[in-house]
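Here the working numbering is used: position 350 in the sequence shown is 898, and no number is missing along the way. Every residue, glycine too, gets a C-beta built ideally from N, C-alpha and C.
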Amino acid sequence: LSAAMRRPARLLAALVTLAACGDDTSPATPDAPDVPTPPTANPAREIIATDLAFDVTALSASASITFGASELPGATLEVNDLMIDGVTLDGAPLLFAVTDAKLDLGLAASDAPRTVAIAYHYKTHESFQGVSTKGFTLIWPYYCGNVFPCHSEPSDGTTFTLDLTGVPADKTAIYPTAISSEAPAYQIAWSIDAYEELSVGTTTAGTQISMFHRASELARAQAGSANLVAAVDWFEKTIGPYRFGPKMGGVSVSWGVGALGGMEHHPYWHTSAGAFDSEEVNVHEAAHGWFGDGIRIECWEDFVLSEGTVSYLAGRALDVVAPAVGAAVWAEYETELGGIQGTLPVWPDSCGAIDVLEDNLFTNAPYKRGAFFYRALALKVGAPKVDEALAAFYAAHAGKPARMSQMLTTIQTVTGYDPTTCAQMWLRSTTKPAVGPCP
Numbered sequence: 549l550s551a552a553m554r555r556p557a558r559l560l561a562a563l564v565t566l567a568a569c570g571d572d573t574s575p576a577t578p579d580a581p582d583v584p585t586p587p588t589a590n591p592a593r594e595i596i597a598t599d600l601a602f603d604v605t606a607l608s609a610s611a612s613i614t615f616g617a618s619e620l621p622g623a624t625l626e627v628n629d630l631m632i633d634g635v636t637l638d639g640a641p642l643l644f645a646v647t648d649a650k651l652d653l654g655l656a657a658s659d660a661p662r663t664v665a666i667a668y669h670y671k672t673h674e675s676f677q678g679v680s681t682k683g684f685t686l687i688w689p690y691y692c693g694n695v696f697p698c699h700s701e702p703s704d705g706t707t708f709t710l711d712l713t714g715v716p717a718d719k720t721a722i723y724p725t726a727i728s729s730e731a732p733a734y735q736i737a738w739s740i741d742a743y744e745e746l747s748v749g750t751t752t753a754g755t756q757i758s759m760f761h762r763a764s765e766l767a768r769a770q771a772g773s774a775n776l777v778a779a780v781d782w783f784e785k786t787i788g789p790y791r792f793g794p795k796m797g798g799v800s801v802s803w804g805v806g807a808l809g810g811m812e813h814h815p816y817w818h819t820s821a822g823a824f825d826s827e828e829v830n831v832h833e834a835a836h837g838w839f840g841d842g843i844r845i846e847c848w849e850d851f852v853l854s855e856g857t858v859s860y861l862a863g864r865a866l867d868v869v870a871p872a873v874g875a876a877v878w879a880e881y882e883t884e885l886g887g888i889q890g891t892l893p894v895w896p897d898s899c900g901a902i903d904v905l906e907d908n909l910f911t912n913a914p915y916k917r918g919a920f921f922y923r924a925l926a927l928k929v930g931a932p933k934v935d936e937a938l939a940a941f942y943a944a945h946a947g948k949p950a951r952m953s954q955m956l957t958t959i960q961t962v963t964g965y966d967p968t969t970c971a972q973m974w975l976r977s978t979t980k981p982a983v984g985p986c987p
């Protein structure tokens with residue numbers, strides 16, 4: 549209610565009478581002040597830009613979050629255990645409330661984007677759930693709220709800028725200062741250690757590739773990147789242009805004993821120290837620049853669209869640029885396939901209904917059964933035709949979320965082969981098919 553409407557009725561009536569009887573010199577009634585929008589839940593209000601600054605010594609940070617236009621008021625962000633110090637809009641305090649690890653904002657409806665500034669402190673987290681005391685971050689799949697206010701759904705995309713201060717003088721922070729193409733929240737990351745840079749080379753399109761390693765890891769960096777430039781060059785020429793800047797590379801991180809593999813933090817993916825010399829791991833993570841990051845998945849049920857596709861692409865690219873290495877990769881894939889239980893889910897028949905961790909989707913099954921689905925297609929219609937389908941899919945969906953069902957449609961359109969039965973065998977059946985061509 550406006551201020552005038554809160555006054556007693558008799559006073560309001562008197563004011564109306566005076567206004568009717570008074571002369572033109574009567575003073576005007578002042579406008580009522582705007583009533584601020586209360587904190588309002590609106591998780592559908594999209595994030596279009598996320599600008600982050602961290603003091604990694606003080607564990608303090610600021611986030612400027614740009615929301616899209618919305619016909620409804622409010623906005624909601626995941627903040628988990630972040631300690632919110634204040635929220636402002638255009639320099640003025642904005643009403644907010646934190647409930648159940650969500651930050652609801654008193655942001656009015658608007659027909660244009662609005663940028664909110666959030667000052668906060670954060671805590672360190674181990675077990676791959678945020679900022680580690682070892683100097684790296686890892687927030688996949690949905691722990692971004694332990695590091696910055698966010699939307700963790702894999703379909704949500706935002707641009708990023710990132711700045712770190714408080715880095716120890718004897719160490720180097722490896723991170724992208726900007727990601728100008730929409731990316732999932734889990735893509736942004738940093739790692740701080742005594743890094744040295746190995747410049748590996750430049751692709752035909754001009755993408756510079758480096759490996760960031762500790763002093764004792766030079767040989768491992770060289771081994772893991774032996775065919776990396778050629779593989780990325782093949783991705784750019786065959787699938788499409790790289791979206792995340794003029795430079796990319798792998799970063800060795802100290803995840804701990806037994807932790808292997810990598811994480812798709814483009815443009816600087818993280819690789820466990822124990823797998824830093826693996827060509828397959830580094831080419832696999834590089835391929836996420838096209839699928840998983842370059843194209844986001846619509847929901848976790850489409851995990852195979854990310855991991856199955858890039859597992860195939862790693863083997864396919866190495867087949868082309870280093871056939872002996874490619875053959876060894878596929879032999880290892882087949883060995884791993886043999887150890888996967890047929891009952892493990894690969895491509896659940898739903899969207900938004902499962903938890904990728906709690907519902908046991910994060911296993912080797914989507915990786916390897918997904919890879920051999922594409923391999924079976926390649927044996928049926930020819931690998932170049934599968935390349936064409938992947939390129940067409942990338943052209944249609946780069947920078948956006950997509951579903952595995954859309955990939956099947958694209959495959960049929962491009963190749964003329966209906967992959968439904970083959971997909972059912974490799975991605976849905978609890979009986980693993982024999983390695984070979986699609987029926």
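Inside the stretch 781-846, DSSP marks whole alpha helix (DSSP H) runs of 4 or more residues at positions 827-835, from first to last along the chain. The beta-carbon distance between isoleucine 757 and glycine 683, rounded to whole angstroms, is 23 Å. This is too long to meet the 8 Å contact definition. In this chain, leucine 892 is not harboured by any beta strand (DSSP E), its DSSP state being neither H nor E. Assignment of lysine 933 by DSSP, reduced to helix, strand and coil, places it in the helix class.
Where isoleucine 959 is concerned, the enclosing alpha helix (DSSP H) starts and stops at 952-963. With a 10 Å radius around the Cβ and a threshold of 16 neighbouring Cβ atoms, glutamate 846 comes out buried. Contact holds between the stretch 958-972 and the stretch 925-939, because three or more Cβ pairs, one in each stretch, are under 8 Å apart. Here the alpha carbons of threonine 709 and glycine 678 stand approximately 18 Å from one another.
Secondary structure of threonine 969 (DSSP, three-state): helix. If you compare the alpha carbons of Asp935, Asp850, Ile722, Asn628 with that of serine 898, the shortest gap goes to Asp850. Between phenylalanine 920 and the set Gly616, Ala939, Leu975, Ile596, the nearest pair of CA atoms involves Leu975. Taking C-beta atoms under 8 Å as the contact rule, cysteine 698 and leucine 625 qualify, at a distance of about 6 Å. Only residues of its own chain outside the window of five on either side were considered, and among them Thr585, Thr588, Ala656, Ala657 have a CB closer than 6 Å to the CB of proline 621, listed in chain order. Annotation: the continuous alpha helix (DSSP H) that includes serine 854 extends over 851-869. If only uninterrupted alpha helix (DSSP H) runs of at least 4 residues are considered, none is enclosed by the stretch 599-624.
By the Cβ rule, the stretch 689-705 counts as touching the stretch 627-642, because three or more pairs are nearer than 8 Å. Between the stretch 724-737 and the stretch 701-708, the count of Cβ pairs shorter than 8 Å is three or higher; the stretches touch. Per DSSP, the unbroken alpha helix (DSSP H) holding glycine 772 starts and ends at 766-772. The residue among Tyr668, His673, Leu642 with its C-alpha nearest the C-alpha of arginine 662 is Leu642.
Looking at the DSSP output, aspartate 741 bridges to Thr720.
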